[in-house]
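Q:
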């Protein structure tokens, strides 16, 4: 009889509390400080309320889940499950992973923290993969190992509508910070491994989209073993503007006909750094 | 008659060619097809040849090898504009062929002409016929023909070669329709002919003012005919003799011989009833006394060059040390950018996009290869991208690329400022220089550019009649609109540029346009194209009222 494995992630995965229940996974809400008041993503703060505050110029600060909340959740889950696979947001973007690794030391290998540097839609895909692997009979340690070996098999490109929030936030590498200009530019960022970094710049949305499409095709062909529907998950993420995301999805499906494509809002902890109106495309290699 | 040419004669011929070109500069400028107030062919070619002439004029002991080196490297460094670059390549090929010789005969000249043409054709990516290249080729073919016929008389040789060059030049409008329509011959070809004609005059012993001291527009403001060495003769003495007795070849020779015995840098130009005299001597009185034999004197000017020289040296060293103190070395980078730019607004835009060094110029004055080399030196990077941003500067940039050995230079052939902006926006730090070059070259064709300026003379282009002072909207491949109102011309130009694919219109307004006028144009364009993003930026560029791009 194989051991019973629970999959835990945080709300950066874009998985809502409701979806989590349906999928049979657990989602730790990320806390936000907005004008010194604490909110929890998808618990006390929805997307609409968040953007309203962000655009009104409120001071939005992200934070990681408190150790207490993490350990309480784990303890609660372990009453029912034998082991936990914990998939936090990328260690390059938050200290959550580091903290979780530390906290897990007190749980006698029952909690396996996955450091696979995913965020948003690709983090969500990791959660789905973990669930699948546990159903296939892997234990928590094997799942962790599998996901970490798989960590470079995904990439994300995000086009920003404005540089404003990026400059304000500061959680970017110097290369990205240098793209200051009088001109209205739409920077395209990439998340590859650890860092959120500048990839390219565009002057118009269509230019930016075509840069992203070319980049993601290049990744599929040269890194993930081919741009085919049975090999690749395609994902679109956005901040605030669902219509634009749908439109972009149609355009992507013309480029990549027959692909599995999901649309998800970007998590608020990413959104507060890049602002509304961003569009992202991501892909990850399907597990066999 | 002499049947060989030595280094001294060749130097004299070169200087005379340069001077003649300079004197015909404005006339050649007027031959430009587009009547835009640009860096013109005559000016560009003159600046190119003057850069070499300065070096040649400063030479003390002239031998063939050092003369050839001076002509070649001086003109390569000074090369500006397409015709200037081609001229410098002609000189490079020519001098390469003769540098080991002491005396030149006609066969050697024919070889040198062949080499010159071969080198120049190679320097141009897509050689176009009906240009300076065609004229040069015609000359080299004629030279070869004469040499093979056994022609040994230089007078006949030069005569024939120049006549042939003129004939080819006259035929250039048949080869290039734009020339025919504008009713002109090729300006670069005309420039080359003027160099040859000046050289021929010097060969024939016609006395010419060969002092290069008044070359205009040189970098330091004033040309430096005097090298920084000790001055042998201290007083620069100039005057004009108003002749009251016969001044024939014989008296001229006598007079010059006398002047040579008391000084150097002698110029004696006789013209009907006046003689212009220039000599460097330690005893100006002797020159004046002798001159009084021929007539009365006027416009007398005597300068103590030793004092001036010291002052100049002092000022130069002062300036150099100040400059050194103010310039901190830039930190080393992997990749750097140089852009040719004009206008404080455009400068700021390029700076914001990460350009390390701006070369001023582009619209009114084409920077030389040497300006490029200086800029490259200032950018402390392993790979340097150059954005020429003007089609008449690309060749000079390519030339600089070939002369730089310690850095990798990538010239992105941007023909306009918006193309330059597009190129640097598309730079991706993660990619290799080659990938970036390829990518930028593709992307720059996605942006259309239109520029509004005024016509400097009447002409007809593409069946459009243009009057001097008209405003013209010039697109990537021709004139889009003409008229008397600058905003209207700009607006109609944009309408010509637009198609359904385009989604962003950027307007960069020049120094002669008020923000208010520019804003009104923006609003007008916005009403016409409500689905487009319109961006208005202050460019501050001279000459071009508006630079507008659509992408």
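Residue numbers (this note's numbering), protein chains in the order written: chain A, 1 to 288; chain B, 1001 to 1551.
All C-beta atoms in this analysis are idealised placements derived from N, C-alpha and C, irrespective of residue type, glycine included.
Residues of the region 237-263 of chain A in Cβ contact with chain B at a cutoff of 8 Å, in chain order, please.
A: none
Q: Alpha carbon to alpha carbon, how far is residue 134 of chain A from residue 1534 of chain B?
A: Within the first chain, numbered from 1, the residue matching residue 134 of chain A stands at position 134. Within the second chain, numbered from 1, the residue matching residue 1534 of chain B stands at position 534. Between residue 134 of chain A and residue 1534 of chain B, the C-alpha separation is close to 54 Å.
Q: Mind checking the region 1473-1489 of chain B against chain A and listing, in chain order, the residues whose C-beta falls within less than 7 Å of any C-beta there?
A: none
Q: I'd like the span of the alpha helix (DSSP H) that includes residue 1113 of chain B, first residue to last.
A: For this step, residue 1113 of chain B is matched to residue 113 along the second chain. Looking at the DSSP string, the run of the alpha helix (DSSP H) that includes residue 1113 of chain B is 1106-1123.
Q: Verify the CB distance criterion: does residue 184 of chain A have a CB-CB separation below 7 Å to chain B?
A: Start at 1 with the first residue of the first chain, and residue 184 of chain A comes out as number 184. So, interface residue.
Q: If the criterion is Cβ atoms closer than 7 Å, does the pair residue 240 of chain A and residue 208 of chain A meet it?
A: In the first chain, counting from the first residue as 1, residue 240 of chain A sits at position 240. In the first chain, counting from the first residue as 1, residue 208 of chain A sits at position 208. No.
Q: Please report how far the alpha carbon of residue 77 of chain A lies from the alpha carbon of residue 6 of chain A, in whole angstroms.
A: Within the first chain, residue 77 of chain A is the residue found at index 77, counting from 1. Within the first chain, residue 6 of chain A is the residue found at index 6, counting from 1. Cα to Cα, residue 77 of chain A sits roughly 7 Å from residue 6 of chain A.
Q: Between residue 1425 of chain B and chain A, is any beta-carbon pair separated by less than 7 Å?
A: Within the second chain, the letter at position 425 stands for residue 1425 of chain B. True, the Cβ-Cβ gap to chain A drops below 7 Å.
Q: Between the alpha carbons of residue 1273 of chain B and residue 1299 of chain B, how many angstroms are there, rounded?
A: Stepping through the second chain from its first residue, residue 1273 of chain B is reached at position 273. Stepping through the second chain from its first residue, residue 1299 of chain B is reached at position 299. Straight through space, the alpha carbons of residue 1299 of chain B and residue 1273 of chain B are spaced by roughly 15 Å.
Q: Output needed in chain order: residues of the region 1100-1122 of chain B with a Cβ under 9 Å from some Cβ in chain A.
A: none
Q: Considering only residues of the region 1268-1294 of chain B, which uninterrupted alpha helix (DSSP H) runs meet the minimum length of 4 residues and lie entirely inside it, listed in chain order?
A: 1284-1291
Q: Which same chain residues end up closer than 7 Å to residue 1109 of chain B when comparing Cβ atoms and leaving out the 5 residues on each side of it in sequence?
A: Taking the first residue of the second chain as 1, we reach residue 1109 of chain B at position 109. Same-chain partners within the cutoff: 1143.
Q: What's the call for residue 1130 of chain B, buried or exposed, on a 16-neighbour Cβ count within 10 Å?
A: Taking the first residue of the second chain as 1, we reach residue 1130 of chain B at position 130. Residue 1130 of chain B comes out buried.
Q: Please look up how many angstroms separate the CB atoms of residue 23 of chain A and residue 11 of chain A, rounded, as I've assumed it's under 8 Å.
A: The residue given as residue 23 of chain A occupies position 23 in the first chain. The residue given as residue 11 of chain A occupies position 11 in the first chain. So it is not a contact: roughly 14 Å between Cβ atoms.
Q: Residues in its own chain within less than 6 Å of residue 1382 of chain B by CB, not counting five upstream and five downstream?
A: Here residue 1382 of chain B corresponds to residue number 382 of the second chain, with the count starting at 1. Excluding residues up to 5 positions away in sequence, 1334 lie with their Cβ nearer than 6 Å to the Cβ of residue 1382 of chain B in the same chain.
Q: Please state the DSSP three-state secondary structure of residue 1006 of chain B.
A: Residue 1006 of chain B sits at position 6 when you count from the first residue of the second chain. Looking at residue 1006 of chain B - three-state DSSP - the assignment turns out to be strand.
Q: Are residue 159 of chain A and residue 261 of chain A touching if we call contact CB-CB under 7 Å?
A: Locating residue 159 of chain A in the first chain gives position 159, where the first residue counts as 1. Locating residue 261 of chain A in the first chain gives position 261, where the first residue counts as 1. Not a contact, by the Cβ cut-off of 7 Å.
Q: If we define contact as Cβ-Cβ less than 7 Å, is residue 203 of chain A a contact residue for chain B?
A: Working through the first chain from its first residue, we reach residue 203 of chain A at position 203. Interface residue, yes.
Q: Counting only C-beta atoms, is residue 206 of chain A closer than 7 Å to chain B at any point?
A: The residue given as residue 206 of chain A occupies position 206 in the first chain. Chain B contact via Cβ: present.
Q: Do residue 264 of chain A and residue 14 of chain A count as a contact pair if the criterion is CB distance below 7 Å?
A: As a first step, residue 14 of chain A must be located in the first chain, where it is residue number 14. As a first step, residue 264 of chain A must be located in the first chain, where it is residue number 264. Yes, these two residues count as a Cβ contact at 7 Å.
Q: Go to residue 273 of chain A, then tell me how far its alpha helix (DSSP H) extends in each direction, as first and last residue.
A: To locate residue 273 of chain A, count along the first chain from 1; it is residue 273. Run containing residue 273 of chain A: 268-274, per the alpha helix (DSSP H) assignment.
Q: If you check the beta carbons only, do residue 1455 of chain B and residue 1442 of chain B fall under 7 Å apart?
A: Along the second chain, read from residue 1 onward, the residue named residue 1455 of chain B stands at position 455. Along the second chain, read from residue 1 onward, the residue named residue 1442 of chain B stands at position 442. No, Cβ-Cβ distance for residue 1455 of chain B and residue 1442 of chain B is not below 7 Å.
Q: Taking only the alpha-carbon atoms, compute the straight-line gap between residue 1263 of chain B and residue 1196 of chain B and give it to the nearest angstrom.
A: Locating residue 1263 of chain B in the second chain gives position 263, where the first residue counts as 1. Locating residue 1196 of chain B in the second chain gives position 196, where the first residue counts as 1. In a straight line, the C-alpha of residue 1263 of chain B is about 30 Å away from that of residue 1196 of chain B.
Q: Quick one: is residue 200 of chain A near chain B, going by C-beta distance under 7 Å?
A: Reading the first chain from its first residue, position 200 is the one you call residue 200 of chain A. So yes, residue 200 of chain A belongs to the interface.
Q: Could you list which residues in chain A have their beta carbon closer than 8 Å to that of residue 1504 of chain B, in chain order?
A: Along the second chain, read from residue 1 onward, the residue named residue 1504 of chain B stands at position 504. Residues of chain A passing the Cβ test: 203, 204.
Q: Verify the CB distance criterion: does residue 1352 of chain B have a CB-CB separation below 7 Å to chain A?
A: Taking the first residue of the second chain as 1, we reach residue 1352 of chain B at position 352. At least one chain A Cβ lies under 7 Å of residue 1352 of chain B.
Q: Around the Cβ of residue 1281 of chain B, are there at least 16 other Cβ atoms within 10 angstroms (buried) or fewer (exposed)?
A: As a working mapping, residue 1281 of chain B is identified with position 281 in the second chain. When all chains shown are included, residue 1281 of chain B counts as buried.
Q: Shorter than 7 Å from the beta carbon of residue 1428 of chain B to some beta carbon of chain A?
A: Taking the second chain and counting its residues from 1, the one referred to as residue 1428 of chain B is at position 428. Judged by the 7 Å Cβ criterion, residue 1428 of chain B is in contact with chain A.
Q: Just the chain A side, please: which residues come within less than 8 Å of residue 1551 of chain B by C-beta, in chain order?
A: Walking along the second chain from the start, residue 1551 of chain B turns up at place 551. Residues of chain A passing the Cβ test: 203, 204, 207.
Q: At 3 residues or longer, what runs of the beta strand (DSSP E) sit wholly inside the region 211-237 of chain A?
A: none
Q: For a contact meaning CB atoms closer than 9 Å, what does residue 1535 of chain B contact in chain A?
A: Counting from 1 along the second chain, the entry for residue 1535 of chain B is found at position 535. Chain A residues near residue 1535 of chain B: 183, 184, 203.
Q: Could I get the ranges of all uninterrupted beta strand (DSSP E) runs contained in the region 1393-1474 of chain B, with 3 residues as the minimum, in chain order?
A: 1408-1411, 1448-1454, 1459-1461, 1464-1466
Q: Does residue 233 of chain A pass the burial test, meaning 16 or more other C-beta atoms within 10 Å, or should it be called exposed?
A: On the first chain, residue 233 of chain A is found 233 positions in, with the first residue counted as 1. Label assigned to residue 233 of chain A: buried.
Q: Reducing DSSP to helix, strand and coil, say where residue 259 of chain A ends up.
A: Looking up residue 259 of chain A in the first chain gives position 259. In the structure shown, residue 259 of chain A sits in coil (DSSP, three-state: anything other than H, G, I, E or B).
Q: Let's see if you can read the secondary structure: which residues bound the alpha helix (DSSP H) around residue 1064 of chain B?
A: Taking the second chain and counting its residues from 1, the one referred to as residue 1064 of chain B is at position 64. It spans 1064-1078 - the alpha helix (DSSP H) in which residue 1064 of chain B sits, taken as one unbroken run.
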